[in-house]
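Visitor: Residues in the sequence shown are numbered from 11 upward in steps of one, following the working numbering.
Where a beta carbon is used, it is the ideal one built from N, C-alpha and C, also for glycine.
Values in this document were obtained by computation on a predicted structure and should not be read as measured data.
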Amino acid sequence: MKRIMIFLLLGSFGCIAALANDLEKEGLHGRIRTVETAHYEMIEKFGEWIAVDLYTSISEYNASGNITSLQRIPFRERVDYEEAYAYDEKGQKKEKLIYLEKRRLIGKEIYEKDRIREKISYDKNGYVSGKTKYDYDGNGYLVEETVYDTAGSVFSKVRYTVRSDGKVSREALYSSNGQKGPESSYEHDESGNKVVEIIELPPRKRKDLHDYDSKNKRIRTTTFFNDSLDSTTVFGYNEKGNLIESTRFAADGTVVEKTTLIYEYDSFGNWISLTIGKDVTKYDKTYFAPYKKVVRRFVYYK
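Right under this line is the structure:
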């Protein structure tokens with residue numbers, strides 16, 4: 011199942027717009043300079059919920075709203091992950107460098123006109139351990155993604171069939187010998203929303219049907235496996251458009267899982283606190299059990 015879900019995510023790559031800056035892509039508001047994000051695990055102790063530090067990430071943005079660096083710092087430790095970005099004179103992203111602790115380079119991404127062209131991985135000794143190359147059509151839409159092994163031979167390919175509006179209608183994974191693997195197909199409504207997703211990994215086939223509200227927010231996903239109803243997930247949003255509730259029902263209508271998200275916002279409309287939890291039933295009582303908390307601190311350009 012994990013392999014199927016990973017393949018499902020590939021389809022989002024082919025239709026990424028190159029127009030919005032990074033802040034807009036992340037749904038953030040205002041002229042942000044820095045975002046410091048602290049991640050916590052919530053545990054119950056003596057009847058109270060306590061936030062346990064996991065790690066903090068710090069993202070820096072330039073005046074154009076594009077990210078210039080990202081650092082991840084485990085609780086009370088030195089930086090263990092870092093990203094650094096470079097832009098050309100037009101403000102378009104041209105390079106991304108990825109480091110682990112002690113600034114050991116493990117990856118590089120090369121961009122052209124804000125579109126990723128090549129991704130390079132490095133081993134602990136600094137040697138190239140793999141490459142991924144991206145090819146686009148005349149309209150700038152991603153049509154092929156090729157992964158190479160350490161010897162420079164083709165390891166796998168993903169090929170995308172793209173509509174004239176840039177939406178991916180089909181994607182297929184191929185092995186090094188050209189044998190077709192998992193394949194996915196998609197249908198979209200007039201607003202460009204993905205309404206049908208079919209993932210075929212014989213002998214299993216997964217089909218998701220998505221419904222949207224008037225604001226193009228996904229409100230329901232109905233999932234089938236091999237044409238048999240598996241589950242239905244219903245989503246709820248607040249007035250700011252943020253997801254606040256997700257409830258998954260089994261085929262017989264019983265609740266399998268309910269997740270609730272609680273937000274606090276700053277004056278710009280960016281959330282500064284997010285608590286995520288599930289409804290848990292114990293001793294015939296149902297209560298909200300938080301398991302994750304995220305706190306963000308923003309520094310804005312004046």
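So, for I120: in the same chain, excluding its five sequence neighbours on each side, which residues have a beta-carbon less than 7 Å away from its beta-carbon?
Guide: Within the sequence shown, residue 120 is the residue found at index 110, counting from 1. E105, R127, E128.
Visitor: Helix, strand or coil: which one does DSSP assign to D262?
Guide: In the sequence shown, residue 262 corresponds to position 252, counting from 1. Coil.
Visitor: Tell me the DSSP bridge mates of L110?
Guide: Along the sequence shown, read from residue 1 onward, the residue named residue 110 stands at position 100. The partner list for L110 (beta bridge, DSSP) reads Y91, R114.
Visitor: Rounded to whole angstroms, what is the Cα-Cα separation between P300 and S139?
Guide: Within the sequence shown, residue 300 is the residue found at index 290, counting from 1. Within the sequence shown, residue 139 is the residue found at index 129, counting from 1. The straight-line gap from Cα to Cα measures roughly 40 Å.
Visitor: Looking at C-alpha atoms only, which residue of V265, K227, T291, T231 is the closest neighbour of E249?
Guide: In the sequence shown, residue 249 corresponds to position 239, counting from 1. Checked all of V265, K227, T291, T231; the closest Cα to E249 is K227.
Visitor: Report back the beta-carbon spacing between I286 and T264 to the nearest angstrom; my notes put them in contact at under 8 Å.
Guide: Taking the sequence shown and counting its residues from 1, the one referred to as residue 286 is at position 276. Taking the sequence shown and counting its residues from 1, the one referred to as residue 264 is at position 254. About 22 Å separates the two Cβ atoms, so there is no contact after all.
Visitor: Considering only C-alpha positions, which residue in the set A96, Y184, I108 is nearest to K134?
Guide: Along the sequence shown, read from residue 1 onward, the residue named residue 134 stands at position 124. When only C-alpha atoms are compared, the closest one is I108.
Visitor: Can you give me the start and stop residues for the alpha helix (DSSP H) that E34 sits inside?
Guide: Residue mapping note: residue 34 aligns to position 24 of the sequence shown, counting from 1. Segment 32-35, the alpha helix (DSSP H) holding E34.
Visitor: Which ranges does the alpha helix (DSSP H) cover as unbroken runs of at least 4 residues, wholly within the stretch 128-170, from first to last along the chain?
Guide: none
Visitor: With S74 and G40 assumed to form a contact (beta carbons below 8 Å), what rounded beta-carbon distance in angstroms separates them?
Guide: Residue 74 sits at position 64 when you count from the first residue of the sequence shown. Residue 40 sits at position 30 when you count from the first residue of the sequence shown. 14 Å between Cβ atoms; not a contact.
Visitor: Taking H220 as the reference, give the member of T242, R173, K302 with the closest Cα.
Guide: Position 210 of the sequence shown, counting from 1, holds the residue named residue 220. When each option's Cα is compared against that of H220, the closest is T242.
Visitor: Assuming contact is defined by CB atoms lying nearer than 8 Å, are V309 and T44 in contact in what I supplied?
Guide: The count along the sequence shown starts at 1 and reaches residue 309 at position 299. The count along the sequence shown starts at 1 and reaches residue 44 at position 34. Contact flag set, yes.
Visitor: Quick check: the stretch 55-64 against the stretch 31-40, are at least 3 beta-carbon pairs closer than 8 Å?
Guide: no
Visitor: Should the stretch 253-264 be called in touch with the stretch 277-284, which here means at least 3 C-beta pairs below 8 Å?
Guide: no
Visitor: Just to confirm, are I130 and K141 a CB contact at a threshold of 8 Å?
Guide: Residue 130 sits at position 120 when you count from the first residue of the sequence shown. Residue 141 sits at position 131 when you count from the first residue of the sequence shown. Here I130 is near K141, since their CB atoms are less than 8 Å apart.
Visitor: I need the straight-line Cα distance from K295 to K288, nearest angstrom please.
Guide: Here the question's residue 295 lines up with position 285 in the sequence shown. Here the question's residue 288 lines up with position 278 in the sequence shown. About 13 Å.
Visitor: Can you list, in chain order, the residues of its chain whose CB lies under 8 Å from that of I254, leaving out five sequence neighbours each side?
Guide: As a position in the sequence shown, residue 254 is number 244, starting the count at 1. Counting only Cβ-Cβ distances below 8 Å, and skipping sequence neighbours, we find G246, Y247, N248, T270, L271, I272, Y273.
Visitor: Just the C-alpha distance for L110 and I77, rounded to the nearest angstrom, thanks.
Guide: Taking the first residue of the sequence shown as 1, we reach residue 110 at position 100. Taking the first residue of the sequence shown as 1, we reach residue 77 at position 67. Answer to the nearest angstrom: the Cα atoms are 18 Å apart.
Visitor: Verify whether the separation of the beta carbon atoms of G202 and K177 is less than 8 Å.
Guide: Against the sequence shown, residue 202 aligns to sequence position 192. Against the sequence shown, residue 177 aligns to sequence position 167. Closer than 8 Å, so yes.
Visitor: If you follow the beta strand (DSSP E) that A299 is in, where does it begin and where does it stop?
Guide: Mapped onto the sequence shown, residue 299 falls at position 289. Here the beta strand (DSSP E) through A299 covers 295-310.
Visitor: In angstroms with no decimal places, state the Cα-to-Cα distance between L20 and S277.
Guide: For the purposes of this step, residue 20 is taken as the residue at position 10 of the sequence shown. For the purposes of this step, residue 277 is taken as the residue at position 267 of the sequence shown. Below a pLDDT of 50, predicted positions are generally treated as unreliable, and L20, at 39, falls in that range; no measurement from the model is reported.
Visitor: For A96, count neighbouring Cβ atoms within 10 angstroms of its own Cβ and tell me buried if that reaches 16, exposed if not.
Guide: Within the sequence shown, numbered from 1, the residue matching residue 96 stands at position 86. Under this definition A96 is an exposed residue.
Visitor: Quick check on DSSP: helix, strand or coil for Q81?
Guide: As a first step, residue 81 must be located in the sequence shown, where it is residue number 71. Correct three-state label for Q81: strand.
Visitor: Would S194 and F165 qualify as a contact pair, given that the criterion is a beta-carbon distance under 8 Å?
Guide: Residue mapping note: residue 194 aligns to position 184 of the sequence shown, counting from 1. Residue mapping note: residue 165 aligns to position 155 of the sequence shown, counting from 1. No, Cβ-Cβ distance for S194 and F165 is not below 8 Å.
Visitor: On a CA-only basis, which of E93, I83, K55, L64 is nearest Y10? Give me that one, please.
Guide: Because residue 10 is not part of the residues shown, which for the chain are 11 to 312, the question remains open.
Visitor: CA-CA distance, Y91 and T160?
Guide: Position 81 of the sequence shown, counted from the first residue, corresponds to residue 91. Position 150 of the sequence shown, counted from the first residue, corresponds to residue 160. Looking at the two C-alpha atoms, the distance is approximately 23 Å.
Visitor: Which residues mark the beginning and the end of the beta strand (DSSP E) in which D289 is found?
Guide: Position 279 of the sequence shown, counted from the start, is the residue given in the question as residue 289. Counting along the chain, the beta strand (DSSP E) containing D289 begins and ends at 281-292.
Visitor: Do Y196 and S179 have their C-beta atoms closer together than 8 Å?
Guide: Here residue 196 refers to the residue found at position 186 of the sequence shown. Here residue 179 refers to the residue found at position 169 of the sequence shown. Yes.
Visitor: Within 10 angstroms of its Cβ, does A260 collect 16 or more other Cβ (buried), or is it exposed?
Guide: Along the sequence shown, read from residue 1 onward, the residue named residue 260 stands at position 250. With fewer than 16 other Cβ atoms within 10 Å, it is exposed.
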